[in-house]
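Only one structure is covered here, and it is reproduced in the block below.
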Amino acid sequence: MLTESDIKNVSLEKSAESVNFCAAWPAARTGLELLKNIIKNPGLKMVIGMVINLGDGLCPSK
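Start counting the sequence shown at 1; every next residue gets the next number (my numbering).
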């Protein structure tokens, strides 16, 4: 579970004092997908979709 302090220390590089973005991405992606299904505004849905695509591009599934 991520805490507020973890969110402030997110990084794309591994280090002892930061949370690896790709390690947190599957949970974040799930949350964004749920949010995208709840939101009615098409513009906001598009923005959420772009964020999901960006995250998928940075952290491809294995």
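C-beta: ideal position from N, C-alpha, C; glycine also.
Beta-carbon separation (whole angstroms), residue i vs residue j, contact threshold 8 Å
i: I52; j: L32; result: 5 Å
i: C22; j: L54; result: Not a contact, Cβ separation roughly 12 Å.
i: I48; j: I39; result: 7 Å
Residue range of the unbroken alpha helix (DSSP H) whose run includes residue i
i: K40; result: Taken as a continuous stretch (DSSP letters only), K40 belongs to no alpha helix (DSSP H), as it is neither H nor E.
Sheet register partners of residue i (DSSP bridge)
i: N53; result: Bridge partners of N53: none, in fact.
is_contact[residue i, chain D] using C-beta, thresh 8 Å
i: F21; result: Given the protein chain composition of this structure (a single chain), no chain D is represented.
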